[in-house]
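S.K.:
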Amino acid sequence: MRLRALLETDALGLRLLGGEDELDRTVRGVMTTDLRDPSRYLSGGELVLTGLAWHRDAADSEPFVRILAGAGVAGLAAGEAELGDIPADLVEACLHHRLPLFAVHETVAFATITEYVVRQVSGERAGDLAAVVDRHRRLMTSGPAGGGPEVVLDLLTSDLDLRAWVLSPTGRQIAGAGAPLPGPVGAALAGHHLAATRTGRRAPHRAAVAGTTYSLFPIRNTGRGAVPAARDVRESVLSDWLLAVEADASDWPAPRLDLLQGVTQLIAVERDRRDAARTVRRRLAQEVLELVQAGAAPAEIAARLRVAAPVLLPGLGVAPQWQVVVARVDWSASGQAAAAGEIASGPVAQALLEEILVDPAVSGPDSADRIAVAHTGEEAIALVPLPSIATALPESESEDGAAARSDGEDADALAGEPGLHADALLASVREPLSAGLADDGRLTLGVSAAVHSAEGLRGALEEARHARRVAAARPGRVCAAGHHELASHVLLLPFVPDDVRRAFTARLLDPLRDYDRRHRAELVETLEAFLDCDGSWTRCAARLHLHVNTLRYRVGRIEQLTGRDLSRLEDKLDFFLALRMS
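Take 10 as the starting number for the sequence shown in the numbering used here and just add one per residue.
(1) Within the continuous alpha helix (DSSP H) that includes LEU532, where are the two ends?
(2) What does the alpha-carbon distance come out to for the pair ASP409 and HIS493?
(3) Tell me whether GLU17 sits in a helix, a strand or coil according to DSSP, three-state version.
(4) Tell whether a beta-carbon distance below 8 Å holds between ASP46 and GLY60.
(5) Out of LEU165, LEU362 and ALA336, which has the shortest C-alpha to C-alpha gap to LEU268?
(6) Per DSSP, GLN182 forms a beta bridge with which residues?
(7) Could you give the distance in angstroms between the alpha-carbon of ASP508 and the alpha-carbon of GLU244?
(8) Can you tell me the Cα-Cα spacing of LEU293 and GLN332, whole angstroms?
(9) Since THR41 sits in a beta bridge, which residues does DSSP pair it with?
(10) Alpha carbons only, please: which of LEU247, ASP30, GLY271 and SER224 is nearest the one belonging to ASP260?
(11) According to DSSP, what are the bridge partners of SER224?
(12) Keeping to the same chain, check which residues put their C-beta closer than 8 Å to that of GLU115; ignore five residues upstream and five downstream.
(13) Does the structure place the segment 471 to 486 close enough to the segment 305 to 321 that three or more beta carbon pairs sit under 8 Å?
(14) Please work out which residues of its chain come closer than 8 Å, Cβ to Cβ, to VAL301, disregarding the five sequence neighbours upstream and downstream, and give them in chain order.
(15) Can you determine whether any heavy atom of the ligand ADP sits closer than 7 Å to the C-beta of ALA196, and answer yes or no?
(16) Taking 8 Å as the threshold (C-beta atoms), are PHE111 and LEU15 in contact?
(17) My assumption, with CB atoms under 8 Å, is that ALA196 sits in contact with GLY180. Please give the rounded CB distance.
(18) So what does PRO394 bridge to, in DSSP terms?
(19) Can you tell me whether TRP546 is helix, strand or coil according to DSSP?
(20) Which class does ASP339 belong to by DSSP, given the choice of helix, strand or coil?
(21) Taking the beta carbon of GLU651 as the centre, do at least 16 other beta carbons fall within 10 Å, making it buried, or is it exposed?
(22) With DSSP collapsed to three states, give me the class of ALA106.
(23) Excluding the 5 residues flanking ALA480 on each side, which residues of the same chain have their C-beta closer than 7 Å to its C-beta?
(24) Against chain B, with Cβ distances strictly below 8 Å, would ARG283 count as a contact?
(25) Going by DSSP, what residue range makes up the beta strand (DSSP E) through HIS384?
(26) Among ALA102, GLY22, PRO227 and ALA258, which has the Cα closest to the Cα of TYR125?
(27) Find out if the Cβ-Cβ distance for the pair ALA188, VAL175 is shorter than 8 Å.
(28) So what's LEU12 in DSSP terms, helix, strand or just coil?
(29) Flag this pair as touching only if the segment 387 to 394 and the segment 276 to 283 have three or more C-beta atom pairs under 8 Å; answer yes or no.
(30) Less than 8 Å between the CB atoms is what I'm expecting for VAL338 and VAL357, so what's the real figure, rounded?
(31) According to the Cβ coordinates, are VAL334 and LEU362 closer than 8 Å?
(32) Would the segment 97 to 109 count as touching the segment 65 to 85 if we require 3 or more Cβ pairs under 8 Å?
(33) Compare the C-alpha of ALA258 against each of ARG478, ARG172 and HIS384 and name the closest.
(34) Taking the straight line between their C-alpha atoms, what separation do you get for GLY209 and PHE226?
(35) In whole angstroms, what is the alpha-carbon distance linking GLY445 and THR222?
(36) For PHE111, list the residues DSSP reports as bridge partners.
Given below as structure tokens:
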């Protein structure tokens, strides 16, 4: 707005005391102050309101006005309530520095002027930005994207003084204007948004994180040509982006909220474009997966991998290794919602796995360009290319150099093992995804070892699937397991049905427990110690503080009661598993 508009509004009760030639200055804000030096709070373009509490004598006016003029303020409005008439020395100083000066009648509150200026400035800014956004929307819908979400966010910052970020459902920053949002803050905001969406609260959602208030807007394309809305919120909640604005939108007027909704629509169009660009990578993954599952010849699979490698690893120049990651999202039926079986979980898991596989330290929407994810049934399956160990390590780091790294590094890294690790994949996403899964969803994920050829892909797929089943046997909303965990027999035990487990342990251990209750013979304790000592009579006797002959007597009694022979590996293994399952 222009300064001239203030004089044209009778309700403000302003009188111009000087600076008539400067009334076309633009007012960008308003500030009330009685400080002698308010420069630290000025950014230029403000209408400054003052009650003149700083004015003690004529010498005070010149430095005060000089500071305002140097800061580039639009004008000064002085209240008559404190001193009555505006001091002549103040009028003279304003004329000297060409600063427009207004007198505010004692019956007019500064709050009235402030409210009027803020309303006018916000309305004009919103109108200007809406026009820019509309032009940009037409550009993006009729041709290539013009700079991506950053362009729109820069407009929000420059025209509405709003800091905003586009975040993925895990809180990873897709785009932002100015300083990046800290990772933990992004994850917390995503968690707030997902939890609010699951409870059906109307957006925008208000969230306070680290002492700052944010408003969260979902990013969905609801315009012409958009994908039809999901029947169930669970089909989209874990794949939608969100817009986080550093402001409390709860008291915003409807036009301002409509403007932000338009911004989210604009970003949603860009999201759809980028999703379409993933089609090639998804198709490559689907073709390789179908060949692997159909038992195709390794040569045929290898040929398909050679086609995929340049797309996923452009310019690498070496044959990559591959890892397989399998993910599944399972929902339980709740209340009046659609039955769990009616929710298309495969596409949800596909979009989610594409996000999880992106390095959380990397921002931007294009950081998933080397990830190919297909889905079959309820599973999402990722084919992840890895550079060879020789290209992954620095030239100066040989096998010996890798072994000589600091003791604090991960054991897998010390061994030179390439690729993804299950726990690391979920470290930064577990909290927000748990909020989106709420109390009726689960995400389980399995990771294979790296394979060097097409012959190994079938085994890697089965390995990743089995690791996912191991993760599913664990408690928690978000669980993962890796290939290195599959070597432990303990992870097989959760898959044994409870009735089978009880029958197996009862057949082997109940005779010993009954004997111990009657004779206090401690046969179960002796059996466990004997197995822990690998069948060594001497070490076991020493551990139990028994004579070797006494130990032999007890082992003989165990064999007599159970009909087993503890010198046989098979019987030792049965006893070992029975003790672990009991």
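C-beta atoms are modelled at their ideal positions from N, C-alpha and C, and glycine is treated no differently. Quantities reported herein were computed from a predicted structural model and do not represent experimental measurements.
M.R.: Per the coordinate set shown:
(1) Translated into positions along the sequence shown, residue 532 becomes position 523. 532 to 541 is the extent of the alpha helix (DSSP H) around LEU532.
(2) Translated into the one-based positions of the sequence shown, residue 409 becomes position 400. Translated into the one-based positions of the sequence shown, residue 493 becomes position 484. Any reading at ASP409 must be qualified, since the residue scores a pLDDT of 37, below 50, and its modelled position is unreliable; no value is offered.
(3) Reading the sequence shown from its first residue, position 8 is the one you call residue 17. DSSP places GLU17 in coil when its eight states are reduced to three.
(4) On the sequence shown, residue 46 is found 37 positions in, with the first residue counted as 1. On the sequence shown, residue 60 is found 51 positions in, with the first residue counted as 1. In this structure, GLY60 does not lie closer than 8 Å to ASP46 by Cβ.
(5) Residue 268 sits at position 259 when you count from the first residue of the sequence shown. Among LEU165, LEU362 and ALA336, the Cα nearest to that of LEU268 is on LEU165.
(6) To locate residue 182, count along the sequence shown from 1; it is residue 173. Answer is LEU176, bridged to GLN182.
(7) Residue 508 sits at position 499 when you count from the first residue of the sequence shown. Residue 244 sits at position 235 when you count from the first residue of the sequence shown. Near 36 Å, if we compare the C-alpha coordinates of GLU244 and ASP508.
(8) Against the sequence shown, residue 293 aligns to sequence position 284. Against the sequence shown, residue 332 aligns to sequence position 323. Their Cα atoms are separated by approximately 15 Å.
(9) The residue given as residue 41 occupies position 32 in the sequence shown. LEU58, per the DSSP bridge assignment.
(10) Indexing the sequence shown from 1 puts residue 260 at position 251. Closest option to ASP260, Cα to Cα, is SER224.
(11) Here residue 224 refers to the residue found at position 215 of the sequence shown. DSSP lists ARG215 and VAL254 as partners of SER224.
(12) Your numbering for residue 115 matches position 106 in the sequence shown. Counting only Cβ-Cβ distances below 8 Å, and skipping sequence neighbours, we find GLY88, GLU89 and ALA90.
(13) no
(14) Taking the sequence shown and counting its residues from 1, the one referred to as residue 301 is at position 292. Excluding residues up to 5 positions away in sequence, ILE310, LEU466, ARG467 and LEU470 lie with their Cβ nearer than 8 Å to the Cβ of VAL301 in the same chain.
(15) Of ligands this structure carries none, so the ligand ADP is not represented either.
(16) Position 6 of the sequence shown, counted from the start, is the residue given in the question as residue 15. Position 102 of the sequence shown, counted from the start, is the residue given in the question as residue 111. Taking 8 Å as the Cβ cut-off, LEU15 and PHE111 qualify as a contacting pair.
(17) As a position in the sequence shown, residue 196 is number 187, starting the count at 1. As a position in the sequence shown, residue 180 is number 171, starting the count at 1. That pair is a contact at about 4 Å.
(18) Along the sequence shown, one-based indexing puts residue 394 at 385. Its beta-bridge partners are TRP331.
(19) One-based indexing of the sequence shown puts residue 546 at position 537. Here TRP546 sits in helix by DSSP.
(20) As a first step, residue 339 must be located in the sequence shown, where it is residue number 330. Of the three classes helix, strand and coil, the one that applies to ASP339 here is strand, per DSSP.
(21) What the structure shows of the chain is the stretch from 10 to 591, and residue 651 is not part of that stretch, so it cannot be assessed.
(22) Residue numbering aside, residue 106 sits at position 97 when the sequence shown is read from its first letter. The sequence given here places His at residue 106; Ala does not occur at that position. In the structure shown, HIS106 adopts coil according to DSSP, grouped into three states.
(23) Counted from its first residue, the sequence shown places residue 480 at position 471. Excluding sequence neighbours, ALA480 sits near THR453, LEU454, GLY455, CYS488, ALA489 and ALA490.
(24) Absent from the structure is chain B; it holds one protein chain and no more.
(25) Counted from its first residue, the sequence shown places residue 384 at position 375. Looking at the DSSP string, the run of the beta strand (DSSP E) that includes HIS384 is 381 to 385.
(26) As a first step, residue 125 must be located in the sequence shown, where it is residue number 116. That would be GLY22, whose Cα lies nearest to the Cα of TYR125.
(27) Within the sequence shown, residue 188 is the residue found at index 179, counting from 1. Within the sequence shown, residue 175 is the residue found at index 166, counting from 1. No, Cβ-Cβ distance for ALA188 and VAL175 is not below 8 Å.
(28) Taking the first residue of the sequence shown as 1, we reach residue 12 at position 3. Three-state DSSP puts LEU12 in coil, outside helix and strand.
(29) no
(30) Looking up residue 338 in the sequence shown gives position 329. Looking up residue 357 in the sequence shown gives position 348. Right, their Cβ atoms sit about 5 Å apart.
(31) As a first step, residue 334 must be located in the sequence shown, where it is residue number 325. As a first step, residue 362 must be located in the sequence shown, where it is residue number 353. In contact: VAL334 and LEU362 (Cβ atoms closer than 8 Å).
(32) yes
(33) Within the sequence shown, numbered from 1, the residue matching residue 258 stands at position 249. Per the Cα distances, ARG172.
(34) Here residue 209 corresponds to residue number 200 of the sequence shown, with the count starting at 1. Here residue 226 corresponds to residue number 217 of the sequence shown, with the count starting at 1. Each residue's alpha carbon lies about 14 Å from the other.
(35) As a working mapping, residue 445 is identified with position 436 in the sequence shown. As a working mapping, residue 222 is identified with position 213 in the sequence shown. Roughly 21 Å between the two C-alpha positions.
(36) In the sequence shown, residue 111 corresponds to position 102, counting from 1. Its beta-bridge partners are LEU25 and ALA86.
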